[in-house]
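J.: Here you go, one structure.
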Amino acid sequence: MVKPAKTLPPEIHPWLDLLNNQHDEMLARTIELAEINSGSLNRDGVNQVLEKLLQLTSGLSTDHERIPVKPWEVVNDSGEIIQHPLGDALRIRKRPEAPLQVFLCGHMDTVFPKDSPFQKVRWLDDHTINGPGVTDLKGGILVMLKALEVLEQSPWAEQIGWEILFNPDEEIGSPGSAPLIQEAAQRVHLGMIFEPCFPDGNLAGQRKGSGNFTVVSDGKAAHAGREHHLGRNAIRALCDFVSAMDDLNGQRPGITFNPGYIHGGGPTNIVPDRCIHKFNIRLEQPDDEQWCLQKLNGIIDSINQRDGIQLALHGGFTRKPKVLSPANEQLLSLAKNIGHELGIPLEIKPTGGCCDGNNLASAGIPNIDTLGVQGGAIHSDQEYLNVKSLVPRARLSAALLLSLAHASAQGDGFNWLKQKGCKSRVV
Numbered sequence: 051m052v053k054p055a056k057t058l059p060p061e062i063h064p065w066l067d068l069l070n071n072q073h074d075e076m077l078a079r080t081i082e083l084a085e086i087n088s089g090s091l092n093r094d095g096v097n098q099v100l101e102k103l104l105q106l107t108s109g110l111s112t113d114h115e116r117i118p119v120k121p122w123e124v125v126n127d128s129g130e131i132i133q134h135p136l137g138d139a140l141r142i143r144k145r146p147e148a149p150l151q152v153f154l155c156g157h158m159d160t161v162f163p164k165d166s167p168f169q170k171v172r173w174l175d176d177h178t179i180n181g182p183g184v185t186d187l188k189g190g191i192l193v194m195l196k197a198l199e200v201l202e203q204s205p206w207a208e209q210i211g212w213e214i215l216f217n218p219d220e221e222i223g224s225p226g227s228a229p230l231i232q233e234a235a236q237r238v239h240l241g242m243i244f245e246p247c248f249p250d251g252n253l254a255g256q257r258k259g260s261g262n263f264t265v266v267s268d269g270k271a272a273h274a275g276r277e278h279h280l281g282r283n284a285i286r287a288l289c290d291f292v293s294a295m296d297d298l299n300g301q302r303p304g305i306t307f308n309p310g311y312i313h314g315g316g317p318t319n320i321v322p323d324r325c326i327h328k329f330n331i332r333l334e335q336p337d338d339e340q341w342c343l344q345k346l347n348g349i350i351d352s353i354n355q356r357d358g359i360q361l362a363l364h365g366g367f368t369r370k371p372k373v374l375s376p377a378n379e380q381l382l383s384l385a386k387n388i389g390h391e392l393g394i395p396l397e398i399k400p401t402g403g404c405c406d407g408n409n410l411a412s413a414g415i416p417n418i419d420t421l422g423v424q425g426g427a428i429h430s431d432q433e434y435l436n437v438k439s440l441v442p443r444a445r446l447s448a449a450l451l452l453s454l455a456h457a458s459a460q461g462d463g464f465n466w467l468k469q470k471g472c473k474s475r476v477v
């Protein structure tokens with residue numbers, strides 16, 4: 051097995067210097083994208099971002115594919131399953147015949163809905179901007195594109211084929227785009243995903259898996275005064291479920307149950323006949339899913355023995371845990387070595403958060419999923435971006451691509467990419 055070099059070949063450095071004058075362009079485009087509201091359910095806004103990305107990527111490849119995704123199915127406050135239409139995905143490909151295939155991913159959506167008051171970018175100080183999605187993930191998109199521009203100008207570009215997926219629904223768990231990630235996993239050897247790094251600049255390694263669920267509790271309405279005894283209280287039944295579910299916390303290492311939302315009832319002189327509860331589960335091991343489902347179904351079966359009460363469970367596990375394979379460890383080690391060479395010290399940290407890196411890893415593809423910009427307070431109106439991180443993070447990704455391409459050109463294949471799950475291409 052040929053191990054990756056601890057430092058970059060000297061002939062790579064001049065190509066990285068092409069990024070040194072790109073700060074203003076990257077910042078301007080980041081702000082432009084961030085000021086387009088692209089909340090996950092704002093289909094028109096997400097598609098407007100897509101149109102901008104078609105313009106920004108026109109010089110990288112002629113193979114652009116706009117892909118509609120399935121609507122997002124959710125249980126509403128009335129207990130009914132409804133569908134939310136989502137924006138389109140954008141897939142861009144280059145050199146599918148090259149010996150090394152790389153998947154790059156960034157999402158176009160944010161957590162801020164169309165009617166959010168958080169719509170504009172403002173400066174907090176000379177080095178920091180505050181705005182919707184500046185860090186998660188509009189800045190990361192520019193990091194990705196500039197790194198690819200450097201690769202395409204280099205003499206080693208022919209060694210790497212790549213495909214980008216800009217997906218419209220990552221912030222709601224990628225329900226529509228998950229099949230596109232699974233499909234890409236059949237063609238690629240490794241992934242680069244441009245979620246923001248940690249606020250201190252470090253990278254995420256192992257990630258927990260996640261499941262989102264809804265329980266609909268049905269009882270029987272009755273007059274709370276005259277015929278209270280004839281009613282069956284849906285709120286009480288659901289409260290018993292929530293209490294029993296919350297008691298599962300601490301029973302198995304690495305698993306957390308988080309009751310997040312309850313809606314139900316009405317006038318206090320009526321026994322409530324319907325109540326809705328939404329909750330999240332996080333777990334560290336794929337096998338933990340079955341344990342969780344067995345426990346939840348056991349609680350529901352017990353409560354459903356009561357006369358006139360019916361609980362129904364909806365939803366499921368949308369992202370499996372990202373457990374680091376040996377190939378993924380090698381890829382992260384390569385990134386650490388490159389970061390050290392570029393003056394960007396990097397550590398690898400586990401996290402309870404999820405992203406498309408979970409999906410790609412579950413398909414057997416090693417990936418680094420926090421190659422984006424440095425900032426913080428994401429998913430809040432305090433979200434900020436350290437604008438001085440734009441060029442260094444682009445240099446890091448460009449160096450990673452160039453080192454892989456250079457090694458391939460020299461005949462030094464990265465054999466650790468030949469793992470279970472990687473396809474039959476010769477690396």
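The sequence shown begins at 51 in my numbering and counts up by one.
Virtual Cβ for every residue (Gly too), placed ideally from N, Cα, C.
Leaving out the 5 sequence neighbours to the left and right, which residues in its chain are closer than 8 Å to E61 when beta-carbon positions are compared?
T.: The residue given as residue 61 occupies position 11 in the sequence shown. The residues are H456.
J.: Go ahead and pull the three-state DSSP assignment for F291.
T.: Indexing the sequence shown from 1 puts residue 291 at position 241. Note: F291 maps to helix in three-state DSSP.
J.: Cutting at 7 Å between CB atoms, please list the residues of its own chain near K370, excluding the five before and the five after it.
T.: Numbered from its first residue, the sequence shown carries residue 370 at position 320. Hits under 7 Å: G259, P336, N408 and S412.
J.: Measuring alpha carbon to alpha carbon, tell me which of G316, K372, L392 and N283 ends up nearest R356.
T.: As a first step, residue 356 must be located in the sequence shown, where it is residue number 306. It is N283 whose Cα lies nearest to the Cα of R356.
J.: Buried or exposed for V52, please, with buried defined as at least 16 other CB atoms from any protein chain shown within 10 angstroms of its CB.
T.: Indexing the sequence shown from 1 puts residue 52 at position 2. Its pLDDT being 40, under 50, V52 is placed unreliably in this model, and the value from its coordinates should be taken loosely. Exposed, since its Cβ has fewer than 16 Cβ neighbours within 10 Å.
J.: In its own chain, which residues sit with a C-beta less than 6 Å from the C-beta of Q98, not counting the 5 before and 5 after it?
T.: Along the sequence shown, read from residue 1 onward, the residue named residue 98 stands at position 48. Only I86 meet the Cβ criterion.
J.: Applying the criterion that 16 or more other CB atoms from any shown protein chain within 10 Å of the CB defines a buried residue, is T318 buried or exposed?
T.: As a position in the sequence shown, residue 318 is number 268, starting the count at 1. Around the beta-carbon of T318, fewer than 16 other beta-carbon atoms lie within 10 Å, marking it exposed.
J.: Which term fits L396, buried or exposed, when burial requires 16 or more other beta carbons within 10 angstroms of its beta carbon?
T.: Counted from its first residue, the sequence shown places residue 396 at position 346. Counting Cβ neighbours within 10 Å, L396 comes out buried, since at least 16 surround it.
J.: Ignore the nearest five residues each way along the sequence and tell me which others in D268's own chain have a CB closer than 8 Å to its CB.
T.: Stepping through the sequence shown from its first residue, residue 268 is reached at position 218. G129, A284, D323, R324, I359, Q360, L361 and A362, listed in sequence order.
J.: In chain order, what residues of the same chain lie with their CB nearer than 6 Å to the CB of A78, ignoring the 5 residues before and after it?
T.: Start at 1 with the first residue of the sequence shown, and residue 78 comes out as number 28. Nothing listed; no residue qualifies.
J.: Tell me, which residues are paired with N330 by DSSP?
T.: Taking the sequence shown and counting its residues from 1, one reaches residue 330 at position 280. N262 and N308, per the DSSP bridge assignment.
J.: How many whole angstroms separate the CB atoms of Q209 and A148, which I take to be in contact at a CB cut-off of 8 Å?
T.: Within the sequence shown, the letter at position 159 stands for residue 209. Within the sequence shown, the letter at position 98 stands for residue 148. Going by Cβ atoms, the distance from Q209 to A148 rounds to 6 Å, so yes, they are a contact pair.
J.: Between which residues of its own chain and W466 is the CB-CB distance below 6 Å, once the five residues before and five after are set aside?
T.: For the purposes of this step, residue 466 is identified with residue 416 of the sequence shown, where counting begins at 1. Contacts found: A377 and Q380.
J.: Between the alpha carbons of V238 and I320, how many angstroms are there, rounded?
T.: On the sequence shown, residue 238 is found 188 positions in, with the first residue counted as 1. On the sequence shown, residue 320 is found 270 positions in, with the first residue counted as 1. If you take the alpha carbons of V238 and I320, they lie about 58 Å apart.
J.: Return helix, strand or coil for P442, following the three-state DSSP convention.
T.: For the purposes of this step, residue 442 is taken as residue 392 along the sequence shown, with counting starting at 1. Here P442 sits in helix by DSSP.
J.: Nearest to D67 by CA position, among I142, P442, T420 and D296, is which residue?
T.: Within the sequence shown, numbered from 1, the residue matching residue 67 stands at position 17. When each option's Cα is compared against that of D67, the closest is P442.
J.: On the CB-based measure, 16 or more other CB atoms within 10 Å of its CB, does T185 come out buried or exposed?
T.: Here residue 185 is taken as the residue at index 135 of the sequence shown, counted from 1. T185 comes out buried.
J.: What is the DSSP secondary structure of R143, counted as helix, strand or coil?
T.: Translated into the one-based positions of the sequence shown, residue 143 becomes position 93. DSSP places R143 within a strand segment (E or B) once states are collapsed to three.
J.: For S111, I'd like the list of residues in its chain whose CB is within less than 8 Å of its CB, leaving aside the five on either flank, ordered along the chain.
T.: Within the sequence shown, residue 111 is the residue found at index 61, counting from 1. Only I142, R143 and K144 meet the Cβ criterion.
J.: Runs of 4 residues minimum, wholly inside the segment 346-394: which ones carry the alpha helix (DSSP H) assignment?
T.: 376-391
J.: Please report the distance separating the alpha-carbon of L450 from that of G137.
T.: Your numbering for residue 450 matches position 400 in the sequence shown. Your numbering for residue 137 matches position 87 in the sequence shown. For L450 and G137, the distance between alpha carbons rounds to 31 Å.
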